[in-house]
Amino acid sequence: MLDPSHETLDLDILVLPETNLILVASLIEPLRAANRISGQELYRWRIFSPDGAAIETRSRIPVPVDGPFRPKEETAPLFILSSYQWQMSATPALRMQLSRTARYRTMMAGIESGSWLLAEASLLDGYSVTIHWEDMEDFAAAYPQIAVLRQRYVIDGKRITTGGSLPTLDLMLEIIRRRQGYSLALEVSRLFIYEHERTGGLLQVPALGNMRVADQRVSQAVRLMEETVATPMPLTRLARRIGISARHLQDLFHETMAVAPHQHYLALRLNAARRKVIETKLEFADIAAATGFNSSSAFSRSYRAHYHESPTETRRRLRTAGKG
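Residue numbers (full-length UniProt numbering): 1 to 324.
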């Protein structure tokens, strides 16, 4: 599930009663956005409940499901979502179902309180995990055989755990980054940016790893990159505009975003170019010039390297899909 791929990934999602609606959205919406932005069905999912009835979330908005959770020998990754009153769902029947399906699943994920269900079924023994911060002490005391880490999410072998709704969003961005690359993960993350007036207008970049951008200098650099997509600045000039050295800026990017500045800059430009390829009828030479490439051939090479198809193939594919 975490290896680079542009094949469709099927996911199974088990939602338990009294789950927060935002938790469900944090898992599904990044996948929906990745499909829309890429113009491909990169992700498909089925939603289940223990009894096949729609899940009544804490916000009283029901989540429709595809049926009851009755696993057989499915190999698709399984995500277990729970927020409140997880004990009511931890029946002997469900624990048995989780134990049996674990033999076949390529990955199992405990999302927020879903980790309690996996632990109850002895499916986290020997793994490193995380849990919602309110539950950490109780969870560690209940399961001494499990290593509990104070992280937003933890990926350990065939197990994934998250500590809440926003950490789940971070996790899904990380899955997209590993499978389809930094450019798509960045474009998806930008759909969820929230800029508060008190930030002074500085871009607050969602995490593409386990950390969020808190350094104002990185936020300033990202904003300058966005403003100069058509005429990219050399790293030395960019750093000078912020008041630090190029080496320091590189270090800050690696520390906070786990990527080099030039990689982020290129991803911004390619994302802008891809939108023009999909949403306009501009010539590729014009798109190249508008996104800082010296020629249409250089643009096409970089585009193919990141999106695994040429700009021409993107337009042809979307035209064919529209006719279908």
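No residue lacks a Cβ here, since even glycine has one placed at the ideal position from N, Cα and C.
L208 versus L191 - alpha carbon distance
Sequence index remark: in the sequence shown, residue 208 carries index 208 (1-based). Sequence index remark: in the sequence shown, residue 191 carries index 191 (1-based). With a pLDDT of 48 at L208, under the threshold of 50, the modelled position of that residue is not reliable, and the figure given next carries that caveat. Their backbone Cα atoms lie some 13 Å apart in a straight line.
How long is the line joining the alpha carbons of residue 327 and R95, rounded to whole angstroms?
With the chain running from 1 to 324 in the structure shown, residue 327 is simply not present.
At 4 residues or longer, and completely inside the stretch 112-172: list those alpha helix (DSSP H) runs for me, N to C.
114-120 and 136-142
Can you tell me which residues form a DSSP beta bridge with I47?
In the sequence shown, residue 47 corresponds to position 47, counting from 1. Partner(s): I13.
Segment contact, 8 Å Cβ cut-off, at least three pairs: the stretch 122-134 with the stretch 69-80
no
8 Å CB neighbourhood of R44 in its chain, flanking five on each side removed
Counted from its first residue, the sequence shown places residue 44 at position 44. Cβ within range, chain order: T8, L9, D10 and L11.
Same chain, Cβ closer than 7 Å to L252, neighbours up to 5 away in sequence not counted:
Taking the sequence shown and counting its residues from 1, one reaches residue 252 at position 252. Hits under 7 Å: D215, R217 and V218.
Return the chain-ordered list of same chain residues with a C-beta closer than 6 Å to the C-beta of R178, the five sequence neighbours on each side being excluded.
Counting from 1 along the sequence shown, the entry for residue 178 is found at position 178. Taken in chain order, the residues that qualify are L2.
Minimum C-alpha distance to E187 - residue among H306, Y143, T168 and K158:
Your numbering for residue 187 matches position 187 in the sequence shown. The option with the nearest alpha carbon to E187 is H306.
Tell me the DSSP secondary structure of A73 in three-state form.
Here the question's residue 73 lines up with position 73 in the sequence shown. Checking the sequence shown, residue 73 turns out to be Glu, not Ala. Coil.
Using the three-state DSSP reduction, which class does P311 fall into: helix, strand or coil?
Taking the sequence shown and counting its residues from 1, the one referred to as residue 311 is at position 311. It is helical.
Nonlocal neighbours in the same chain, by C-beta distance under 6 Å from I80, ignoring five residues either side
Counted from its first residue, the sequence shown places residue 80 at position 80. Counting only Cβ-Cβ distances below 6 Å, and skipping sequence neighbours, we find L14, G110, G114 and L117.
Mapping the DSSP letters down to three states, classify E18 as helix, strand or coil.
Position 18 of the sequence shown holds residue 18. DSSP places E18 in coil when its eight states are reduced to three.
Go through its chain and collect everything with a Cβ distance to L16's Cβ below 6 Å, but skip five positions before and after it.
On the sequence shown, residue 16 is found 16 positions in, with the first residue counted as 1. Contacts found: S82 and S89.
With a threshold of 6 Å on Cβ separation, who are the neighbours of F284 within its own chain once the five nearest residues in sequence on each side are excluded?
Locating residue 284 in the sequence shown gives position 284, where the first residue counts as 1. Within the same chain, F284 has close Cβ partners S296 and P311.
Can you tell me which of the three DSSP states E283 falls into?
For the purposes of this step, residue 283 is taken as residue 283 along the sequence shown, with counting starting at 1. Correct three-state label for E283: coil.
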